[in-house]
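Asks: Chains as they are written, first to last, in this note's numbering: chain A, 1 to 587; chain B, 1001 to 1201.
What follows is the structure, given as structure tokens:
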């Protein structure tokens, strides 16, 4: 021991496990909380890694590598699997050659997502086995195991993670070397060409496989484990929910800890249930395990005790299960402040960084009172005060298509646009733009080209000219791309040139064709724009009108009515000086 | 809430501040010090949207037994290390009775304050003093600047906590050295030492 112990992020541990299992190809589209899996995997020189334009492409690339005989890992966040659902549902028909593992990270509590969907439902719907680790050590072990199961049972395997597992560091004690697993490619159209006659034949093999997997799940070699304690209450749990339960209840209850959450180990569940007086399922989000246990005809309680939304905690489990053991609910910890009658402290919502190029665009959109169909990225923050310039945000790429739909409804009045980032545009905005042009729409789309995928931590994309590992590659030319699909008018503007930006919005929204404005300026976090001198305010010239405050820049504050500059935070972008009607700000 | 194998070596710490203040490095150093002391440890971080200037919290749990949940709950923290005053106020409720609040006195205004919709509380030090936990307020920004790098605020505050942690100084120093970027190792060691000495004052 000692030298082999390492503190690893859950996502890093998934990458480590995949590396040890001999993975050759890693694909992904970045998405919190899954992004670091691929970033860490790319640190292993033996593994080819790429950012794909979207999750569907990523899964198909991984599927190709698998069919050709090597092990492949495809990673994404929960909503990414919606995009990749098309290949997902047919992959169980074809099965695999080299092991194929799909790592999907859910976001209970909605820390950085648009919804809280439970990926486990995909396992049932697509008939794919699913493993769920509870800490970094299990992330390594289950990633290794997932590749083995994939080849043994001829199926893709989903490795389900949640934010608290993906983004927690924990000790990994069992690090191993890399094993090479490469299989011969054998042409087999009956297995890999899915059309009606072939697909029908493959269905029986899926049913047979799920039966075998269910047997495996109840075997001693599966990652499912019974831990005996008090037998008044038996808890079934997996992943982070198991950690909360185990800390809350210790050995006062017994546990069926599931490492494989689909298919369930039916034999083990029945046996476990027969030996405890009451059966409780502790699981965040949907009653996924609970429903299946009930379907077996085994009585249990789950969502009757716990919320179907948000994250759980040790305290929450202690309260629910403590009552059941007759201990009465555990006393809630004392609040920390003594005799404090103060109102709750002001909230600290996320904001666009100082120097953020999106600020210029949203300032203009607000000034012109434009209706904005938004999209997913840092710029979704344009919806918040004081910029407040976004009307919708649904999913990746939806801004462009929704703008078209809103225009079709008519009666919107005034100007309207779609805004979408460069990476999101490459992900799924381009198809929507084609739709507008093809169907003679006249919407205006603003592409916020900040040369990076910023929200997830500055990843490359097809419009940046660099690959995941930073190698130079062809940079997709957004303007040419728009022209090629038939956009009638394409304007390119620096979003910090507010006059030009305003002119472009007025002109392009007035045109009788589909138009695109490319607002181009690198993300402030890339460090490409040299840091300017911090802004300074001439207090005599300032009238206190508050125009600068409407930029929502975190380095400006209202002070005594006139703005004050936080000099340690300001990057000297000069936007506030441009909007000051009195010329009182110098930058 | 009986934690299995619970011993007096349990230390549950929160680091709170504003995105980009360096909680990541501080938590890495803590993790390394815990491992070197033979403790189990989990560190839980925030990524994604919240990092864009929003409030961020990092949980560090160290134990002589096994750490299960990566999260420190309300009323469960032995120490809160706050990089910013308003965040200290926000998270003070997480401290146990007799816990320690290590607070940098820097103020970073959140957007509702920037726009004038809400006021930044005047007397946070007063609000946090004389209660059921110990408060150490430090002008960590000034100390970091005098060490040669404003970004060393995190290691100054870590040093204050480290003195109270019961983990030996040499273990901490080694953890700082092996986790700080090579070019800033000496600044960070200096900053850590300043914090350590301040804790005794």
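Quick reminder that beta carbons are idealized off the backbone N, C-alpha and C, glycines included.
Whose Cβ in chain E lies nearer than 8 Å to the Cβ of residue 1120/B?
Replies: Protein chains in the displayed structure are A and B, and chain E is not among them.
Asks: Whose C-beta lies closer than 6 Å to the C-beta of residue 10/A among residues of the same chain, with five residues either side of it excluded?
Replies: Correct list, in chain order: 136, 139, 165, 166 and 168.
Asks: Given residue 464/A, which residues of its chain have a CB within under 7 Å of its CB, disregarding the five upstream and five downstream residues?
Replies: These residues qualify, in order along the chain: 451, 452 and 475.
Asks: What separation, rounded to the nearest whole angstrom, lies between the Cα atoms of residue 16/A and residue 40/A?
Replies: Cα to Cα, the separation comes out at about 8 Å.
Asks: Taking Cβ positions only, does residue 1024/B come closer than 8 Å to chain A?
Replies: Chain A contact via Cβ: absent.
Asks: Output, in chain order, the set of chain B residues within a Cβ distance shorter than 7 Å of residue 600/A.
Replies: Only positions 1 to 587 of chain A appear in this structure, which leaves residue 600/A out of reach.
Asks: Residues of the stretch 223-250 of chain A with a CB closer than 7 Å to any CB of chain B: list them in chain order, please.
Replies: From the stretch 223-250 of chain A, only 243, 244, 246, 247, 248 and 250 have a Cβ closer than 7 Å to chain B.
Asks: Rounded to the nearest angstrom, what separates residue 117/A and residue 79/A at their Cα positions?
Replies: C-alpha separation (whole angstroms): 8 Å.
Asks: Can you tell me whether residue 530/A is buried or exposed, with buried defined as 16 or more other CB within 10 angstroms of its CB?
Replies: Exposed: under 16 other Cβ atoms inside 10 Å.
Asks: Could you confirm whether any beta carbon from chain B is found closer than 8 Å to the beta carbon of residue 100/A?
Replies: No - not a single Cβ of chain B is within 8 Å of the one on residue 100/A.
Asks: Along the chain, where does the beta strand (DSSP E) that runs through residue 110/A open and close?
Replies: Residue 110/A -> no beta strand (DSSP E), and no H or E assigned at all.
Asks: Let me make sure I understand the geometry here. Which of 479/A, 428/A, 521/A and 422/A has the alpha-carbon closest to that of residue 356/A?
Replies: Residue 521/A is the option with its Cα nearest to residue 356/A.
Asks: Looking only at its own chain, which residues have a Cβ that is under 7 Å from the Cβ of residue 364/A, when we skip the five neighbours before and after it?
Replies: Once the five neighbours on either side are set aside, the close Cβ partners of residue 364/A are 498, 501, 502 and 505.
Asks: Whose Cβ in chain B lies nearer than 8 Å to the Cβ of residue 395/A?
Replies: Neighbours of residue 395/A on chain B: none; closest Cβ ~15 Å, over 8 Å.
Asks: Using the beta-carbon of each residue, which ones in chain A are nearer than 8 Å to residue 1052/B?
Replies: Near residue 1052/B (Cβ distances below 8 Å), the residues of chain A are 350, 351, 352, 353, 378, 381 and 455.
Asks: Where residue 115/A and residue 539/A are concerned, what is the direct C-alpha to C-alpha distance, given to the nearest angstrom?
Replies: Roughly 45 Å separates the two Cα atoms.
Asks: Once the 5 residues before and after residue 449/A are set aside, which same chain residues still bring their CB inside 7 Å of it?
Replies: For residue 449/A, where only same-chain residues beyond five positions count, the Cβ hits under 7 Å are 422, 463, 478, 518, 519 and 520.
Asks: Quick check: is the beta carbon of residue 1035/B nearer than 8 Å to any beta carbon in chain A?
Replies: True, the Cβ-Cβ gap to chain A drops below 8 Å.
Asks: Secondary structure at residue 148/A, three-state DSSP: helix, strand or coil?
Replies: Reduced to three states, the DSSP call for residue 148/A is helix.
Asks: Can you tell me whether residue 137/A is helix, strand or coil according to DSSP?
Replies: Residue 137/A falls in the helix class under three-state DSSP.
Asks: As a quick exercise: from 1083/B, 1127/B and 1184/B, pick the residue whose alpha carbon is nearest that of residue 1140/B.
Replies: Among 1083/B, 1127/B and 1184/B, the Cα nearest to that of residue 1140/B is on 1083/B.
Asks: At 8 Å on the CB atoms, spell out the chain A contacts of residue 1046/B, in chain order.
Replies: The contacting residues are 111 and 167.
Asks: Give every residue of the same chain whose Cβ lies closer than 6 Å to the Cβ of residue 523/A, excluding the five residues on either side of it in the sequence, and list them in chain order.
Replies: So the qualifying residues of the chain are 450, 452 and 454.
Asks: Please tell me whether residue 552/A has its Cβ less than 8 Å away from any Cβ of chain B.
Replies: Taking Cβ atoms only, chain B reaches closer than 8 Å to residue 552/A, which makes this a yes.
Asks: With 16 as the cutoff for other CB atoms within 10 Å, does residue 1172/B come out buried or exposed?
Replies: Counting Cβ neighbours within 10 Å, residue 1172/B comes out buried, since at least 16 surround it.
Asks: Run down chain B in chain order and give the residues with a C-beta less than 8 Å from the C-beta of residue 579/A.
Replies: Within 8 Å Cβ-Cβ: nothing; residue 579/A doesn't reach chain B, min ~15 Å.
Asks: Of all Cβ atoms in chain A, is any one closer than 8 Å to the Cβ of residue 1176/B?
Replies: No, residue 1176/B does not count as interfacial toward chain A.
Asks: List, in order along the chain, the chain A residues whose C-beta lies closer than 7 Å to that of residue 1181/B?
Replies: Correct list: empty, because the minimum Cβ distance to chain A is about 16 Å.
Asks: So the alpha helix (DSSP H) residue 228/A belongs to, where does it begin and stop?
Replies: Segment: none, residue 228/A is in no alpha helix (DSSP H) and carries neither H nor E.
Asks: Residue 254/A to residue 1044/B, Cα distance in whole Å?
Replies: Their backbone Cα atoms lie some 27 Å apart in a straight line.
Asks: With distances taken Cα to Cα, identify the nearest neighbour of residue 185/A among 555/A, 63/A and 385/A.
Replies: Residue 185/A has its Cα closest to that of 63/A, out of 555/A, 63/A and 385/A.
Asks: Would you kindly check if the distance between the Cβ of residue 1196/B and the Cβ of residue 1159/B is under 8 Å?
Replies: Result yes, Cβ atoms of residue 1159/B and residue 1196/B sit closer than 8 Å.
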